[in-house]
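Okay, structure first, notes after.
Protein chains: 2
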Amino acid sequence: MNRPPKKAIVLSSGGLDSTTALAIARSENYECYTLSFFYGQRHHHELTAAKKISAMMGAVKHYVVNVDLSQIGGSALTDDIDVPKNRNPREMTSGIPVTYVPARNTIFLSYALAWSEVLDAPDIFIGVNALDYSGYPDCRPAYIAAFQTMANLALKNTVEGKRTISIRTPLLHMTKAEIIRTGMALNIDYSITHSCYDPDNAGHACGRCDSCLLRKKGFAEAGVPDPTIYGKKPKP
Amino acid sequence: MNRPPKKAIVLSSGGLDSTTALAIARSENYECYTLSFFYGQRHHHELTAAKKISAMMGAVKHYVVNVDLSQIGGSALTDDIDVPKNRNPREMTSGIPVTYVPARNTIFLSYALAWSEVLDAPDIFIGVNALDYSGYPDCRPAYIAAFQTMANLALKNTVEGKRTISIRTPLLHMTKAEIIRTGMALNIDYSITHSCYDPDNAGHACGRCDSCLLRKKGFAEAGVPDPTIYGKKPKP
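The listed protein sequences derive, respectively, from chains Y and B.
Here the numbering used here is used: the first residue of the first sequence is 1, the next is one more, and so on.
Here the numbering used here is used: the first residue of the second sequence is 1001, the next is one more, and so on.
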């Protein structure tokens, strides 16, 4: 075969969802270029995880973009606002939580568009999920569809008719348990992934934030042992 | 009057168009928050101009975002590619030039969305222009409309029905001459604006890149003396 390899950009947070999206892209024979973001998040341990995952899963290149969102603020993930703990699933989906970061996925996907054009990699994978999620507006199908429409009007390659940007969201309609089962079938070692919004200094998960609770519930529902190491965060 | 002031984000490049957009926003009694970007562009003199303009025109705050697009590359404005010189107007509009920066306006507007949400400033002014422009896809009306649709699905304030994001493009259908006449009527001192893609070390305009040529043509057609200081770039 002399066909050039298919290339994809994969947004990689080092978490369970984006790692599964990366494994799916790899299973579809994409050459993967992983993109992570440092945006002043307190859970920067995810970037260490993202780097390790990119290497283990054969990404061609891993690029960490420095995004100075912390100057803009407006989120418990970047500001000095407490991350909510021990919420029940109904609380989690009843509104947009304080961990919401304004325009985060829009900024991330915009960088992905720029890189996608330069690499000629029109498929962009993002591990958003509209079922077991935290109520973020920029994880919903209508948002993703609108971003894709905009993207196809924004770039040289798309406007000249050479390429069509596809925002690939393979996890969009999966439960967390389905995501984990899919990943296990693709041999992901979830112990290297990091989901916690509020880890301790050693990077161990708190076990009580929305992200930890959704992750625990997913492993329980998938009937798979949870490989996460949960730490004990000292009280301030 | 006890009504709170209307706030707007204004993208400010330090150039003629964005400065006119800022003057229009001010004339509509907006409190203006100006947003500029350092993205490794060789014409960083524009940021000095943007800072001066924000101060002179009474912006409440001027914020320069560091965007590391230069690592992504793909443009004569950020890479070591020659900026085209002395092109005629037909050449300029017959294709997308090498000065095109992939996804630039998408990234800029995405940061504006994030700041807009935190400031509660749902009106975002951008000085794009679809007539006397350089053929960039992300300056066209269809692109701006699609971005606005996406924006209204992306944010907490819009999804919760509290705000509607409006991407304001007052220059969209103006000729460069009309833009200059509008700005003169609003008392803009265009001598402080910077348009050149390839200035000399002192920041003087080259007079020969697309941006300089469009600017010169605009002043000529508006019948207004061109206040720009054109330098003499030494040959390498």
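All C-beta atoms in this analysis are idealised placements derived from N, C-alpha and C, irrespective of residue type, glycine included.
Query	Result
Residue range of the alpha helix (DSSP H) that Ala119 (chain Y) falls in?	Contrary to the premise, residue 119 (chain Y) reads as Leu rather than Ala in this sequence. Element bounds for Leu119 (chain Y): Arg104 to Leu119.
Are the C-beta of Asn66 (chain Y) and some C-beta of chain B separated by less than 8 Å?	yes
For the alpha helix (DSSP H) containing Asn152 (chain Y), name the first residue and the last one.	Pro141 to Ala154
Sort out for me which residues DSSP pairs Thr34 (chain Y) with in a bridge.	Y:Val10 and Y:His62
Using 8 Å as the Cβ pair cut-off and three pairs as the minimum, do the stretch 1006–1025 of chain B and the stretch 136–154 of chain Y touch?	no
Going by Cα to Cα distance, which pick from Y:His44, Y:Leu35, Y:Tyr39 and Y:Thr78 is closest to Ile1072 (chain B)?	Y:Leu35
When you compare the CB of Tyr1033 (chain B) with every CB in chain Y, is at least one pair closer than 8 Å?	no
State the beta-bridge partners of Lys85 (chain Y) as determined by DSSP.	Y:Cys209
Looking at C-beta atoms only, is the number of pairs between the stretch 23–31 of chain Y and the stretch 176–188 of chain Y that lie closer than 8 Å three or more?	yes
Could you confirm whether any beta carbon from chain B is found closer than 8 Å to the beta carbon of Ser110 (chain Y)?	yes
With which residues is Tyr1230 (chain B) paired in a DSSP beta bridge?	B:Ala1205
Which of helix, strand or coil does DSSP assign to Asp1123 (chain B)?	strand
Straight-line CA distance for Ser1195 (chain B) to Arg168 (chain Y)?	38 Å
Secondary structure at Ser1166 (chain B), three-state DSSP: helix, strand or coil?	strand
Please decide whether Ile9 (chain Y) counts as near chain B, where near means a Cβ-Cβ distance under 8 Å.	no
If you draw a straight line from the alpha carbon of Lys1052 (chain B) to that of Ile1124 (chain B), how long is it in whole angstroms?	20 Å
Look at the alpha carbon of Pro1089 (chain B) and the alpha carbon of His45 (chain Y), and state the distance between them as a whole number of angstroms.	52 Å
Does His45 (chain Y) come out as helix, strand or coil in the three-state DSSP assignment?	helix
Closer than 8 Å, Cβ to Cβ, to anything on chain Y: give me those residues from the stretch 1117–1144 of chain B, in chain order.	Glu1117, Val1118, Pro1137, Asp1138, Arg1140, Ala1142 and Tyr1143
Please tell me whether Val1064 (chain B) and Tyr1033 (chain B) are closer than 8 Å, where the distance is taken between their beta carbons.	no
Name the chain B residues whose beta carbon is nearer than 8 Å to that of Met150 (chain Y)?	Thr1106, Tyr1143, Ala1146, Phe1147, Thr1149 and Met1150
Is there a Cβ from chain Y that is less than 8 Å from the Cβ of Pro1084 (chain B)?	no
Take Lys1007 (chain B) as the anchor and find which of B:Gly1207, B:Leu1131 and B:Ile1165 has the nearest alpha-carbon.	B:Ile1165
What's the C-alpha gap between Asn66 (chain Y) and Asp1068 (chain B)?	7 Å
Using a Cβ-Cβ cut-off of less than 9 Å, list which residues of the stretch 1182–1199 of chain B approach chain Y; keep chain order.	none
Quick one: using the 10 Å Cβ neighbour count with 16 as the cut-off for buried, is Asp1226 (chain B) buried or exposed?	buried
So which of Y:Met174, Y:Asn152, Y:Asp120 and Y:Ala222 has the shortest CA-CA distance to Leu131 (chain Y)?	Y:Met174
For a contact meaning CB atoms closer than 9 Å, what does Tyr63 (chain Y) contact in chain B?	Gln1071 and Ile1072
Would Ala55 (chain Y) count as contacting chain B if we go by Cβ distances under 8 Å?	no
For Pro1137 (chain B), which of helix, strand or coil comes out of DSSP?	helix
Report buried or exposed for Gly1095 (chain B), applying the criterion of at least 16 other Cβ atoms within 10 angstroms of its Cβ.	exposed
What is the DSSP secondary structure of Leu171 (chain Y), reduced to helix, strand or coil?	coil
Does any residue of chain B bring its CB to less than 8 Å from the CB of Pro236 (chain Y)?	Because Pro236 (chain Y) carries a pLDDT of 46, less than 50, the predicted location of this residue cannot be relied on, and the following value inherits that uncertainty. It does not; no Cβ of chain B falls within 8 Å.
Can you have a look at Pro157 (chain Y) and say buried or exposed, based on whether 16 or more other CB atoms are within 10 angstroms of its CB?	With the sequence shown as reference, residue 157 (chain Y) is identified as Asn, and Pro is not the correct amino acid for it. Buried, since its Cβ has 16 or more Cβ neighbours within 10 Å.
I'd like to check one pair, Tyr1197 (chain B) with Cys1209 (chain B): are the Cβ atoms closer than 8 Å?	yes
Does chain B have any CB closer than 8 Å to the CB of Leu171 (chain Y)?	no
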